[in-house]
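Asks: Offset between the sequence shown (1-based) and my numbering: plus 3. Here a beta-carbon is modelled for each residue, glycine too, at the ideal position from N, C-alpha and C. In this text the structure is predicted, and so the values were computed from the model without any measurement.
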Amino acid sequence: MDEIHMITVQVQLMKEGDTVIVNCPSLDLCGYGKTADEAKKDFDVAFKIFAKETTGHGTFEQALEELGWKKIQVRNRPRWKAGIELLGEVEKVQLSVPV
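1. Out of C33, V14, V23, H8, state which residue places its alpha-carbon closest to the alpha-carbon of V48.
2. I need the straight-line Cα distance from K43 to T62, nearest angstrom please.
3. DSSP state of M4, grouped into three classes?
4. For I10, count the other beta carbons within 10 Å of its own beta carbon; 16 or more makes it buried, fewer makes it exposed. Which is it?
5. What number of angstroms, rounded off, separates the C-alpha of E69 from the C-alpha of I52?
6. Could you tell me the distance, in whole angstroms, from the CA atom of S29 to the CA atom of R78?
7. Between the alpha carbons of G20 and A54, how many angstroms are there, rounded?
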């Protein structure tokens, strides 16, 4: 069974017409819905597809590096840090990553 890690990313919530958008520039992913909860669920689905595809092809770390993430050491364990920091109104979302 794959080990699961949790990552926290910053997302922006925006509204365009009747659509709520969850935008995560550090992963280049978005989610959409009629409500913030629907948009967050859609974003979670988009992330799970991204994680499944990249881990399945063995390119998860490469994809993060291409998105500007940096691998850092925390308590003798490698961790990833996003290369983008959002300013203004943001929300943090926790995601599970199989590794």
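Replies: The structure says:
1. C33
2. 25 Å
3. Below a pLDDT of 50, predicted positions are generally treated as unreliable, and M4, at 40, falls in that range; the measurement from the model is reported next regardless. The answer is coil: DSSP assigns M4 none of H, G, I, E or B.
4. buried
5. 17 Å
6. 24 Å
7. 30 Å
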